[in-house]
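For reference, the structure is listed below as structure tokens.
Chains as they are written, first to last, in this note's numbering: chain B, 92 to 305; chain X, -9 to 293.
Structure below.
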């Protein structure tokens, strides 16, 4: 399973590098325009690190789309992998891609501080970046859940489809509310618990499939 | 029959297999494929050929019944049977942006019984372009890649889902050559689904005709060729009862019939005093068209 996950990450590498490249360009441009051209006090630190996290989330959606479009399950089920392992692969891939984006975001913030000085960034950078990373991670995990709720509906697994879509809608509403309610580390912990639940549900729905042709 | 062959499990066995989709039900299907046999699953689009093969490959879980491959139950959660199954379908799950070689290298690490040597020999033999990205391969080369991927781990059962569909005549002949070479050693049991009827003559020992999710007939290829005949004759009487006739056209005294029991029909015509009797053999393609047109009626009478 880990080999398959690593392979999917390697397959996603061109998109990830492209996304992080664009994020670096945007963040740099933002710092240059704000600090050096406008001579402002600085930009919020989390904004500098946020673009790579967004890039990771977008690449997670792209990777999921390609896996589905290219019918990867057919290839993996020719080997010794089980549906449970495929399910784990499906939910871990977005987590790793967003995680890589968050790591790069943190690195970018550190480099920005080194080059432009601590005064170039405003606010509590690391906690804010963490909160935003968790939110984007949650959005990235919505992809597999939507896919599996849809597959359950297609395969006439009514209860599974209803649970899948109900949780999907619930989590989306929670994510929208979290923009206003949980701007804190505590809120992020709640969100992580919700994400974990979402991942487990998506994996359970996948393992319960009756059709692995797509 | 030796004790060994009596105890040998079937290459594949479908027992009461049922799979239902909105507006379509496959089965119940009962089918046994013996080792070393090439069996063609013939039917029009939507007959249930691909669903049958997907159930046999463990990609679809049937609603009822089950499948075994060399005695091992087929199910996505089981892995024992996969060692013996090679599947060539239109969609094979390859990494489209990677080259053929990179995909084959990946499979070599993924599948424990994969033989790099066998994969290389097969790829050489069918001139597979290893350095081309899969997305840029022609349809024929994609089929070749699927064949190499299906065979490199040494399966004893090969499932071929319309491998020549959509190919131009030259590439189709090339792919059929490859399949013929692979199957002629008699080591592989092959289930070959097709609606390209001309493929049948080349490869299949036995034919299973599938229509609307049901098996309408199972027969040997040679048996069909021996029995089915197109007959023309002259007879004043039009309302004649002839055995085995599935199609009968006439203009005044000139008759043309297609019969699934040539011998009995000709004997009866002789008794009736028919004149200018001309008998011609039919190709397997022509016979298949008749069977699929007539469906259950032919199946009932044939059996």
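All residues carry an ideal CB built from backbone N, CA and C; glycine is no exception.
Asked                                                                                                                : Found
Cβ-based contacts, 7 Å cut-off: residues of the stretch 59 to 73 of chain X near chain B                             : 66, 67, 69, 72
Chain-ordered neighbours of residue 84/X on chain B, where CB pairs are closer than 8 Å                              : 161, 166
Cβ pair residue 150/B, residue 107/B closer than 7 Å                                                                 : yes
Residue 54/X in three-state terms, based on DSSP                                                                     : strand
Alpha-carbon spacing of residue 162/X relative to residue 130/X, whole angstroms                                     : 7 Å
Complete beta strand (DSSP E) runs within the stretch 253 to 302 of chain B (minimum length 3 residues, chain order) : none
Chain X within 7 Å of residue 289/B, Cβ atoms only                                                                   : no
Residue burial classification, residue 32/X (beta-carbon count within 10 angstroms, cutoff 16)                       : buried
Rounded separation between residue 305/B and residue 259/X - CA only                                                 : 56 Å
Three-state secondary structure (DSSP) of residue 143/X                                                              : coil
Cβ-based burial, residue 281/X [other Cβ within 10 Å; buried from 16]                                                : buried
Test: residue 135/B CB closer than 7 Å to a CB of chain X                                                            : no
Cross-strand partners of residue 247/X (DSSP beta bridge)                                                            : 221/X, 238/X
Cutoff 7 Å: residue 190/B Cβ touching any chain X Cβ                                                                 : no
Bounding residues of the beta strand (DSSP E) (the contiguous stretch that carries residue 2/X)                      : 2 to 11
Proximity below 7 Å, CB of residue 2/X to CB of residue 59/X                                                         : yes
7 Å Cβ cutoff, residue 102/B in contact with chain X                                                                 : yes
Per DSSP, the bridge partner or partners of residue 62/X                                                             : 59/X
Reduced DSSP secondary structure (H/G/I, E/B, other) of residue 114/X                                                : helix
Of the listed residues 127/X, 165/X, 208/X, 239/X, nearest to residue 227/X (C-alpha basis)                          : 239/X
CA nearest to the CA of residue 21/X, picked from 181/X, 116/X, 241/X                                                : 181/X
Cβ pair residue 278/X, residue 187/X closer than 7 Å                                                                 : yes
Residue 103/B, enclosing alpha helix (DSSP H) - first and last residue                                               : 93 to 122
Closest by C-alpha distance to residue 283/X, when choosing among 229/X, 199/X, 246/X                                : 199/X
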